[in-house]
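Sequence order for the protein chains is H and F.
Going by the working numbering, the first residue of the first sequence is number 2, and it counts up by one from there.
Going by the working numbering, the first residue of the second sequence is number 2, and it counts up by one from there.
2 protein chains.
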Amino acid sequence: MKQSTLHQTEPCRRISEILSRIGDKWSLLVIRQLGNGPLRFSEIKRSLGSISQKMLTATLRGLERDGFVSRTVFPTVPPRVDYALTPLGCDLLVPVRQLGDWAMANAERIERSRRRFDAAHGGEKSAAA
Amino acid sequence: MKQSTLHQTEPCRRISEILSRIGDKWSLLVIRQLGNGPLRFSEIKRSLGSISQKMLTATLRGLERDGFVSRTVFPTVPPRVDYALTPLGCDLLVPVRQLGDWAMANAERIERSRRRFDAAHGGEKSAAA
DNA sequence: CGGGATCCTACGGGATACTG
DNA sequence: CAGTATCCCGTAGGATCCCG
Numbered sequence: 002m003k004q005s006t007l008h009q010t011e012p013c014r015r016i017s018e019i020l021s022r023i024g025d026k027w028s029l030l031v032i033r034q035l036g037n038g039p040l041r042f043s044e045i046k047r048s049l050g051s052i053s054q055k056m057l058t059a060t061l062r063g064l065e066r067d068g069f070v071s072r073t074v075f076p077t078v079p080p081r082v083d084y085a086l087t088p089l090g091c092d093l094l095v096p097v098r099q100l101g102d103w104a105m106a107n108a109e110r111i112e113r114s115r116r117r118f119d120a121a122h123g124g125e126k127s128a129a130a
Numbered sequence: 002m003k004q005s006t007l008h009q010t011e012p013c014r015r016i017s018e019i020l021s022r023i024g025d026k027w028s029l030l031v032i033r034q035l036g037n038g039p040l041r042f043s044e045i046k047r048s049l050g051s052i053s054q055k056m057l058t059a060t061l062r063g064l065e066r067d068g069f070v071s072r073t074v075f076p077t078v079p080p081r082v083d084y085a086l087t088p089l090g091c092d093l094l095v096p097v098r099q100l101g102d103w104a105m106a107n108a109e110r111i112e113r114s115r116r117r118f119d120a121a122h123g124g125e126k127s128a129a130a
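Structure, rendered in structure tokens:
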């Protein structure tokens, strides 16, 4: 293990930041929905169902801030706002999908490990409860 | 947009879960450190520096639960516990590194977009403050 | 319709003290 | 040395009301 090992902390921060960014409760879902093409605020909201309008607003703001989605306002009488993936946003989808594929492929193994762990540890500790 | 669009919500949940799992503050850092080989509790702690022992314990427990790291206890007088990446954990590193590469490659673009956004929006809104 | 402001709760996560 | 338990705070995130 060379010095570069410790030095790697910096790149890792970057990764963490990205992961935290899209790893929150809604960002990924929104990005994926927008992957099918531009959508209006309420269309996104309806497609996700359970999201609150506050969180959708916040999520979209964050994604817009990072340059992943673009926001287009139509100054019509009933306000209309379209959200769409930017090139950077589309680009992001590539590695994200890689991770997604991995997740899909290994989800079962993870869940099995999880159940095994819970059974083993939960069983011997909270047995008195 | 076909029905499959809505149906995709399920795989996305999986991805979100994985992302949330490793997207927390410490999991990725720990996984990366263990990528260099097995480490003891305090070695990990020291290598990360700022992590509290509570969070390190919690993080390791979570990773162990999901089957990403293995925990080996040596019943010696001064307790010694080794943590190592499981094959699944190593495997996870592949797509994670893909995302990491992307993050590294695009970090500057994101940060620029972020600054631009902050300058534009923060400037016109909090001007009164 | 889009979204800002406010209130409130749950949880992540840090500091500290104690145990085996 | 490794780990648990407790306290405490900040933020994520939901519900609701209000405004253009």
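Where is the CB? At the ideal position from N, CA and C, for every residue including glycine.
Problem set entry | Beta bridge counterpart(s) of residue 119 of chain F as assigned by DSSP | Along the second sequence, read from residue 1 onward, the residue named residue 119 of chain F stands at position 118. BP columns for residue 119 of chain F are empty, so no partner.
For this session: Provide the residue span of the beta strand (DSSP E) that contains residue 1 of chain F, from first to last.
Result: Here chain F comprises residues numbered 2 to 130, so residue 1 of chain F is not present and cannot be evaluated.
Exercise. Start and end of the beta strand (DSSP E) containing residue 82 of chain F?
Worked result: Residue 82 of chain F sits at position 81 when you count from the first residue of the second sequence. For residue 82 of chain F, the uninterrupted beta strand (DSSP E) segment begins and ends at 81 to 86.
Exercise. Looking at residue 57 of chain H and residue 46 of chain H, is the spacing between their C-beta atoms short of 8 Å?
Worked result: Counting from one through the first sequence, the residue named residue 46 of chain H turns up at place 45. Counting from one through the first sequence, the residue named residue 57 of chain H turns up at place 56. Cβ atoms of residue 46 of chain H and residue 57 of chain H: closer than 8 Å.
Exercise. Given a limit of 7 Å on CB to CB distance, which residues of the region 16 to 32 of chain H reach chain F?
Worked result: Those residues of the region 16 to 32 of chain H that come within reach of chain F (Cβ to Cβ, closer than 7 Å) are 16, 17, 19, 20, 21, 23, 24, 29 and 30.
For this session: Check each residue of the region 77 to 93 of chain H: if its Cβ is closer than 9 Å to any Cβ of chain F, include it; give the result in chain order.
Result: Against chain F - using a Cβ distance shorter than 9 Å - the residues of the region 77 to 93 of chain H are 87, 89, 92 and 93.
For this session: Whole angstroms is fine: what's the gap from residue 18 of chain F's alpha carbon to residue 52 of chain F's?
Result: Within the second sequence, the letter at position 17 stands for residue 18 of chain F. Within the second sequence, the letter at position 51 stands for residue 52 of chain F. Rounded to the nearest angstrom, the two C-alpha atoms are 23 Å apart.
For this session: Mind checking the region 60 to 75 of chain F against chain H and listing, in chain order, the residues whose C-beta falls within less than 9 Å of any C-beta there?
Result: If you check each beta-carbon in the region 60 to 75 of chain F against every beta-carbon of chain H, the ones closer than 9 Å belong to 62, 65, 66, 67, 68 and 69.
Exercise. How would you list, in chain order, the residues of chain H whose beta-carbon sits under 7 Å from the beta-carbon of residue 96 of chain F?
Worked result: Taking the second sequence and counting its residues from 1, one reaches residue 96 of chain F at position 95. By Cβ distance, chain H contributes 99, 100 and 103.
For this session: Specify, as a first and last residue, the run of the alpha helix (DSSP H) that residue 63 of chain H falls within.
Result: Your numbering for residue 63 of chain H matches position 62 in the first sequence. Note, residue 63 of chain H: alpha helix (DSSP H), 54 to 66.
For this session: Could you name the residues of the region 109 to 123 of chain H whose beta carbon sits closer than 7 Å to any beta carbon of chain F, in the order they occur along the chain?
Result: Hits within the stretch, in order: 110, 111, 114, 115 and 118.
Problem set entry | Nearest residue (CA-CA) to residue 64 of chain H, options H:44, H:35 and H:75 | For this step, residue 64 of chain H is matched to residue 63 along the first sequence. With distances taken between Cα atoms, residue 64 of chain H lies closest to H:35.
For this session: Measure how close the beta-carbons of residue 83 of chain H and residue 116 of chain H come, nearest whole angstrom, since I'm counting them as under 8 Å.
Result: Numbered from 1 along the first sequence, position 82 holds the residue referred to as residue 83 of chain H. Numbered from 1 along the first sequence, position 115 holds the residue referred to as residue 116 of chain H. The Cβ separation is near 43 Å, so there is no contact.
Exercise. Which one of F:25, F:110, F:54 and F:66 has the shortest CA to CA distance from residue 87 of chain H?
Worked result: Locating residue 87 of chain H in the first sequence gives position 86, counting from the first residue. Among F:25, F:110, F:54 and F:66, the Cα nearest to that of residue 87 of chain H belongs to F:110.
Problem set entry | Same chain only: Cβ atoms within 7 Å of residue 3 of chain F, ignoring 5 sequence neighbours per side | Within the second sequence, numbered from 1, the residue matching residue 3 of chain F stands at position 2. Low confidence applies here, because residue 3 of chain F scores a pLDDT of 44, under 50, leaving its location unreliable; read the following figure in that light. Closer than 7 Å at the Cβ level, and outside the excluded window around residue 3 of chain F, lies no residue.
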